[in-house]
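Engineer:
4 protein chains.
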Amino acid sequence: MTAEGEALFCPLEFRYGRDEVRALFSREARLARALKVEAALAESEAELGMIPKEAANAIAHAASSGAVRLSHVDELERTLRHDVMAITRALAEAAGPGGAWVHYGATSADITDSALALEMKAAAAVLRQDLSELAGVLLALARRHRATPEVGRTHGQHAVPISFGYKAAVGAAEVLRHRRRLDELLPRLAVGKMSGAVGTGSSFGANAEAVEVATMLRLGLGTDEAPTQVVGRDRIAEFTNWMALVAGTAERLATEVRNLQRTEIGEVQEPFDEAQQVGSSTMAQKRNPTVSENVSSLARLVRAFALPPLENMVLWHERDLANSANERIVLPHAIVLADDLLVKLTTIFRHLHVNVERMAENLESSEGAVMAENLMLTLTARGLPRSDAHEIIRTLTGPGATGSLAERAQGDPRVMKVLSAAEVAALLAPDAYVRAAARKTERLVDRLETELAG
Amino acid sequence: MTAEGEALFCPLEFRYGRDEVRALFSREARLARALKVEAALAESEAELGMIPKEAANAIAHAASSGAVRLSHVDELERTLRHDVMAITRALAEAAGPGGAWVHYGATSADITDSALALEMKAAAAVLRQDLSELAGVLLALARRHRATPEVGRTHGQHAVPISFGYKAAVGAAEVLRHRRRLDELLPRLAVGKMSGAVGTGSSFGANAEAVEVATMLRLGLGTDEAPTQVVGRDRIAEFTNWMALVAGTAERLATEVRNLQRTEIGEVQEPFDEAQQVGSSTMAQKRNPTVSENVSSLARLVRAFALPPLENMVLWHERDLANSANERIVLPHAIVLADDLLVKLTTIFRHLHVNVERMAENLESSEGAVMAENLMLTLTARGLPRSDAHEIIRTLTGPGATGSLAERAQGDPRVMKVLSAAEVAALLAPDAYVRAAARKTERLVDRLETELAG
Amino acid sequence: MTAEGEALFCPLEFRYGRDEVRALFSREARLARALKVEAALAESEAELGMIPKEAANAIAHAASSGAVRLSHVDELERTLRHDVMAITRALAEAAGPGGAWVHYGATSADITDSALALEMKAAAAVLRQDLSELAGVLLALARRHRATPEVGRTHGQHAVPISFGYKAAVGAAEVLRHRRRLDELLPRLAVGKMSGAVGTGSSFGANAEAVEVATMLRLGLGTDEAPTQVVGRDRIAEFTNWMALVAGTAERLATEVRNLQRTEIGEVQEPFDEAQQVGSSTMAQKRNPTVSENVSSLARLVRAFALPPLENMVLWHERDLANSANERIVLPHAIVLADDLLVKLTTIFRHLHVNVERMAENLESSEGAVMAENLMLTLTARGLPRSDAHEIIRTLTGPGATGSLAERAQGDPRVMKVLSAAEVAALLAPDAYVRAAARKTERLVDRLETELAG
Amino acid sequence: MTAEGEALFCPLEFRYGRDEVRALFSREARLARALKVEAALAESEAELGMIPKEAANAIAHAASSGAVRLSHVDELERTLRHDVMAITRALAEAAGPGGAWVHYGATSADITDSALALEMKAAAAVLRQDLSELAGVLLALARRHRATPEVGRTHGQHAVPISFGYKAAVGAAEVLRHRRRLDELLPRLAVGKMSGAVGTGSSFGANAEAVEVATMLRLGLGTDEAPTQVVGRDRIAEFTNWMALVAGTAERLATEVRNLQRTEIGEVQEPFDEAQQVGSSTMAQKRNPTVSENVSSLARLVRAFALPPLENMVLWHERDLANSANERIVLPHAIVLADDLLVKLTTIFRHLHVNVERMAENLESSEGAVMAENLMLTLTARGLPRSDAHEIIRTLTGPGATGSLAERAQGDPRVMKVLSAAEVAALLAPDAYVRAAARKTERLVDRLETELAG
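Chains as they are written, first to last, in the numbering used here: chain A, 1 to 454; chain B, 1001 to 1454; chain C, 2001 to 2454; chain D, 3001 to 3454.
1. In this structure, does DSSP put C/S2071 in helix, strand or coil?
2. Any Cβ of chain C within less than 8 Å of the Cβ of D/R3015?
3. Where does A/T200 fall in DSSP's three states?
4. Taking the alpha-carbon of C/I2111 as reference, which of C/S2195, C/G2368, C/P2149, C/M2243 has the nearest alpha-carbon?
5. Tell me C/E2150's beta-bridge partners as DSSP assigns them.
6. For my contact list, C/H2155 and C/S2366 are in at a C-beta cut-off of 8 Å; report their separation, rounded to the angstrom.
7. The alpha helix (DSSP H) that contains B/D1083, what's its start and end?
8. What residues are listed by DSSP as bridge partners for C/Q2229?
9. Less than 6 Å between C-beta atoms, sequence neighbours within five positions excluded: which residues of the same chain meet that for B/S1114?
10. Should C/Q2261 be flagged as near chain A, meaning a C-beta pair shorter than 8 Å?
11. Among C/D2388, C/D2019, C/L2427, C/D2339, which one has its Cα closest to the Cα of C/A2406?
12. Please work out which residues of its chain come closer than 8 Å, Cβ to Cβ, to A/S324, disregarding the five sequence neighbours upstream and downstream, and give them in chain order.
13. For D/R3439, which three-state DSSP category applies?
14. Given a threshold of 16 other Cβ atoms within 10 Å of its Cβ, counted over all protein chains shown, does C/D2019 qualify as buried or as exposed?
15. So if DSSP puts C/G2192 in a beta bridge, which residue, or which two residues, is it bridged to?
16. Give me the DSSP bridge partner(s) of D/V3268.
17. Out of curiosity, what's the CA-to-CA distance linking B/T1450 and B/A1250?
18. Would you say A/N326 faces chain B, with C-beta separation under 8 Å as the test?
19. Is A/L315 near the ligand NAP, going by C-beta to nearest heavy atom under 7 Å?
20. Pair every Cβ in the stretch 3032-3050 of chain D with every Cβ in the stretch 3081-3092 of chain D, then say whether three or more of these pairs are closer than 8 Å.
21. Can you look up D/E3020 in the DSSP assignment and give me helix, strand or coil?
22. Taking 8 Å as the CB-CB cut-off, is B/L1321 touching chain C?
23. Within 10 angstroms of the Cβ of D/A3453, are there 16 or more other Cβ atoms? Answer buried if so, exposed if not.
24. Rounded to whole angstroms, what is the Cα-Cα separation between A/K440 and A/S292?
25. Can you list, in chain order, the residues of the stretch 3113-3142 of chain D whose Cβ is nearer than 8 Å to any Cβ on chain C?
26. Per DSSP, what kind of secondary structure is A/Q157 in: helix, strand or coil?
27. Can you tell me where the alpha helix (DSSP H) holding B/E1047 begins and where it ends?
28. List the whole-angstrom C-beta distance separating D/L3337 from D/A3254, where the pair is believed to meet the contact cut-off of C-beta under 8 Å.
29. Check whether chain A comes within 8 Å of D/L3456, counting only Cβ atoms and requiring the distance to be less than that.
30. So, does the stretch 2416-2433 of chain C touch the stretch 2138-2148 of chain C, judging by three or more C-beta pairs under 8 Å?
31. Against chain D, which members of the stretch 1153-1186 of chain B pass a CB distance test of less than 9 Å?
32. At 8 Å on the CB atoms, spell out the chain D contacts of B/M1287, in chain order.
33. With a threshold of 16 other CB atoms inside 10 Å of the CB of D/E3004, please say whether the residue is buried or exposed.
34. Would you please verify whether the beta carbon of A/P476 is less than 8 Å from any beta carbon of chain D?
35. Against chain D, with Cβ distances strictly below 8 Å, would A/M1 count as a contact?
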């Protein structure tokens, strides 16, 4: 980081996020996309005979050659106080005489919203790839640990046995649901417009529909069927809502790691560089799940970023500008952070330390109580009313009970009337439940891997 | 309303919402759905030979015959402090000896989440119908007024001419996008589970997958591929997020009516019963857009209801209960209000008073300035640099200008050098722009009506 | 619950919340408050000679005598579609000839906003009492357990010893901060207005200021210094924001209980009726912290309710109606739930089962590592560079270490060079840290009890 | 902006916000504050005899002399992956032998949270000044236009006459309420801690309370009475909630300008540089209220930033880290934007073009209907039942009415029975209402100016 870097303000410039994602939103990249739209417009208009071919060529060349410098655009904007006018002036200057045809018939939002659609499309591609990688890592973990016994927990309490792999598979399934959602919303998100000041295309005359379709085809975008001055903001809000959903999953997965890493549980540990990393400035022994906590923290912010786009949907008449400034901040920040969350989780799960022994210890610590359900169901199957069976278990496992559940059950005449001691012991071994988890995990991983590859 | 009604607390009991939607969430309806799931489970288990056929028959009959009374369930719950246990006990009692097989192998959440999926599916059907009706009314308005001249407004300022029908068509397109989104998310939302305490199906033994699939088929639901104790909460959050999007559109449409009804604009008026309705207690002359304002108000609440489900996604391990209580409130309230918004908007647009004369007056009030763009574009086409043309218009329309824009332009030598006075007059008549709007509206309405019917 | 009750929709009617709080918002109570404001207005106007004394007496009598029936108001509202007009008509009818002077000079919002202020003032009193009780229970717990050793945890990892009482004292301090905040905001919240259609008092002529002040004095309210048609909505938003803060504390305290009650931790247990209550329908042995989870769940909803009032602040001109409908829902729901959260927490902490043995076991389970900080600080005090001391601890407590930290440290020559074996043992005993916690807890409880009583 | 600037990502680095506010949050400034806290700690400890005086002097000198370079800290952090450890190491290196005593007894959060309190205190001072300036400008506008007639509007409809100055005074009162709130919360916000890993001060031994108090005194901060590892997060959430309230007012004021500047209303215009500024790239005649729209937009984001701190309140045990990352982003962004909003509004209102003629035209455009209330009240005072008077006005002003209300009323026998034609004319002149507004504005401005100066 240079001396200038030391004055930086936003932690997303230097602390969070990846360069390649941040680069999507640099001022240079934004200018390049706006120029690309102006070029596509000029070329489409030339094709339809609305402006001279040479003008279009000159514009397209000036747009892609680097002739339009950001610093010059900034200078023009300081005078004009209008960002798109500054770009069109700079482009017109750079295109020579043909420059008079820059932006012909277009309104500013035709450029900015189409450029935004390019940006969103590129961002969606990054996030889709992130989801695929995270799902892949989770599926590998699921397959590896499909039969690793662990206690399932509900309400923070031991419930019944599960396998660690099943946990991972549940995560993978959730991640892939987000990928499906993204695939569904992308055609609504990646749409531009070239239809003038109020969306009716009137400034393009009889060619309105043709200009719009041709320009969007060149750009690889769909067309907003019914824009106002801008593309409908429900499209943006749908995307930020989707990121909020992704953030929910990210926080859930991070919270799972944080909880399983608790001192008293110790079943997993997120990667930690034992040689160098410092856990705490005063408690040198600590191994804190700081990356997972970081994911939890940033996820909350991604979620909050969903609010302004929802309010932005309420534009007045053919548009007001009240969506503009917050979108310029929300979209890049939310996307860089959503990527960051997913990449961090992928690293965590790729290198997660899974403590199989500790999982077994915890599972056995209740001396069979986690299999109480199985005993209860069998008592019912052997003819006891369900509520009686439930009551037997409740009292056998209540406060004051000592010894393993098997011993207690074997000492209870109500149980012994319908079951042998060996049956009780078998029913209270966790194996059957873990096997069930393993079978389901296997089927699930097969299915999800097929989807992932698809 | 009875005497008891006078003590009611929640305005959704008596002030907002429709009976038929509220009824989806009555305590009676909830109980009936839970019993339906228990019955489907028993029947599926009997089919698979897991429980006696007669028991299943007795359970199914008790579940549908009204034998299980809500008041009795309430009584049991007061002792057990567990709602599903109360239902299963009451059902078991009602089913006689076969009642011992009620809920066999299931965990509470198998019942409640499958019942919730039935509820969500029914709610989605209502909201889909609401969207269809609103879209239909907007499309009819769009066709009727496809060529009704009106000024388009951006930043609250007159921009260029449009047609009122185009405005309505934009609304219809937005509404139909929501219908498409709902169709996409429904298969993710309408899923239940029958897979026991931690989602692995272990309590159902070898039949786990078969029991689950059979039960969901009977209920007309999909199956959560990878549940924990509960169905993944991303599904619920996706739905409430979707309602927040719908609320955004509702508030946008309501705001449009409120703005167009302003005293100074007066282009539309929401239905008002002139014979009886009171606008203001002290300003008897007022015609306030109160229904539209009401829609704006309730939309904000529907939007806020999207937050708790997003936080609920972060369940601990195989589930915690922290989603439960707020879901019981958020889902019914959000759905009843979302329906209410849509139904009110449908009424508003069905009976909207459109003041075509006032639209024409407003359009003409700027004496041609709204067509300045057309003049500028033609000046450019006749060879003036775009920035010169822009500058000419800017000065012709600046402060201190008097008379119509046509007169001013006809008096400007820079304009007259390239255009005749007649050309100037023609360019500044709004007709061309309104015709463009009409053409686009017509195409759009054709397309959207096809989709609506589909 | 009657047959009608079975059709109820909102869970706040029957499942959550207390009757005495719900009663604040019943339709009866709302009507009574509106009538009280009308009466105070009439009496003030009579006092100032603006209306006849007999009229005021008749109005005041009709307002308080029960002569105005809710059912009749409902009937009038169905025709007028204006709630305040319905009330004034009903009151005028009930007041006989003097009824002509009902609502003289007032606008609807003068009545509704002043009545709302009465409602908010009553609600604030309830919530203040709730906070006081919760703080009292936490302080008692803090004093009782001021020296009960427990491990402090950061990042979910054991950190250093603490006392359980200190935890409780931290909670009490947070709760009392909310009480202070409430005391500060109340004078801004409990303000009404009697200043007509746009807040300038013009409809009351020369007496405007006097009428307003006199009416508010009668009602025990402050006066909005600069209202529009309505009282400034920042006042409401400040209150719902405050409830969101309270909800944050409630969720924090509930989460603490849920985490300390985890099977692997087991340091506390929320009250559970062992004789009858059912933990799980299939896992009869479970003791789930369901009330704490319930608090977590409802807290999220209270937080979400803060959003609409923030948006409602953006009223157009002298007011629009877009605050109205959501306020009617948000305020009662948020207040009933905020009370519910606090009352539930008070019960939890009053009857909390504190497992002192388990706390001791957990504290000792790391065999001294939780006191590593103390050793490090002393090494530093004895002349080792801080980073060396940190590094010694880091390696002594790293993976692969066996035996207690004391044994390991006593076997390390770098440590032994500056400390004796006995010193090491003393430094690693948790007592000193627990004593420090006890001392601080004691001072804190003394101070907070004084504040609580104040 | 340099070449590096062209790659910048966050619009708050270059597009929104002021340098002097941004500078509060630069990485340099953050480092300086952390060093200041370390120095204050060392000096306090030396004073209490806990560490050598020379060490404290060396540390204090190294902390303030610029000897600790950000680039070196960054380098250390890359290895240690712990930001505070990196700072303490760099400081220790710079302080020579005395450096061993850096950070003695402290935990990282003692430094970061105390430094954060310094940051918040500085930010609060800036925002308080912003509020004072905005209030001052609004009060000047209020006094100047205290008697400028304008129509009051409710529901977007003409209501009764008001003065433009009253509008401004209402805004000033709201702004000053925020200043009062800030003054109340600041003592809760500007608090640090020096109490070690879990807040009990145990690592400071017997001097714990003295060290903490002395350090905070040196820093000009209060002390958190009951911290955990961190200062209670309710303090931060209260501040971001407060900024959300400020944002609500900012959006309200901006929306007022936007609405009054509508083409059809035209009563105000935000400053616009006629000589150079471009309103629209294709509609050169436009004067868009873009700064006000910008304020509306950014206000929504400030509001959204209130959410993560509310969730951050729910820390686990003695703290988790899930507040940290989002706070690093939320606080600087929210504060820079809140300042930006207020400064922009101050500029808008300082240079607002107020079109007094247009206000008069609009007021008169309804030909007296805006004074209907006055007529109604007088009819009531002359003995007509209120509901009859209301009904007369309602019909006189209903659809189909032509001519001024005075003419219509003078032609209505029901009115003429109790009023003369001259009385009707006088009652329907707006003067009385405007005078009432002027009187109230004057009193209000006097009072608020006193508060502002205080």
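All C-beta atoms, glycine included, are put in the ideal place defined by N, C-alpha and C.
Structural biologist: Taking the coordinates as given:
1. helix
2. no
3. coil
4. C/S2195
5. C/I2162
6. Wrong, their Cβ atoms sit about 15 Å apart, outside the cutoff.
7. 1083-1094
8. DSSP, once it has assigned bridges, lists no residue as partnering C/Q2229.
9. V1037, G1192
10. yes
11. C/L2427
12. none
13. helix
14. exposed
15. C/T2223
16. D/V3354
17. 23 Å
18. no
19. Judged by which ligands are present, the structure shown has none, so any question about the ligand NAP falls away.
20. yes
21. helix
22. yes
23. exposed
24. 28 Å
25. none
26. strand
27. 1027-1047
28. Contact flag wrong, Cβ pair sits at about 13 Å.
29. Here chain D covers residues 3001 to 3454 and nothing more, so residue 3456 of chain D does not appear.
30. no
31. R1153, T1154, H1155, G1156, Q1157, H1158, A1159, V1160
32. Note that residue 1287 of chain B is Arg in the sequence shown here, rather than Met. Those within 8 Å of B/R1287 in chain D are Q3157.
33. In this prediction, D/E3004 scores a pLDDT of 47, lower than 50, which makes its location untrustworthy; the coordinate-derived value is nonetheless stated afterwards. By the neighbour-count rule (16 or more Cβ atoms within 10 Å), D/E3004 is not buried but exposed.
34. This structure does not reach residue 476 of chain A, given that chain A is present from 1 up to 454, and the question cannot be answered.
35. Here A/M1 scores only 39 on pLDDT, less than 50, and its place in the model should not be relied on; the value that follows carries that caveat. Yes, A/M1 counts as interfacial toward chain D.
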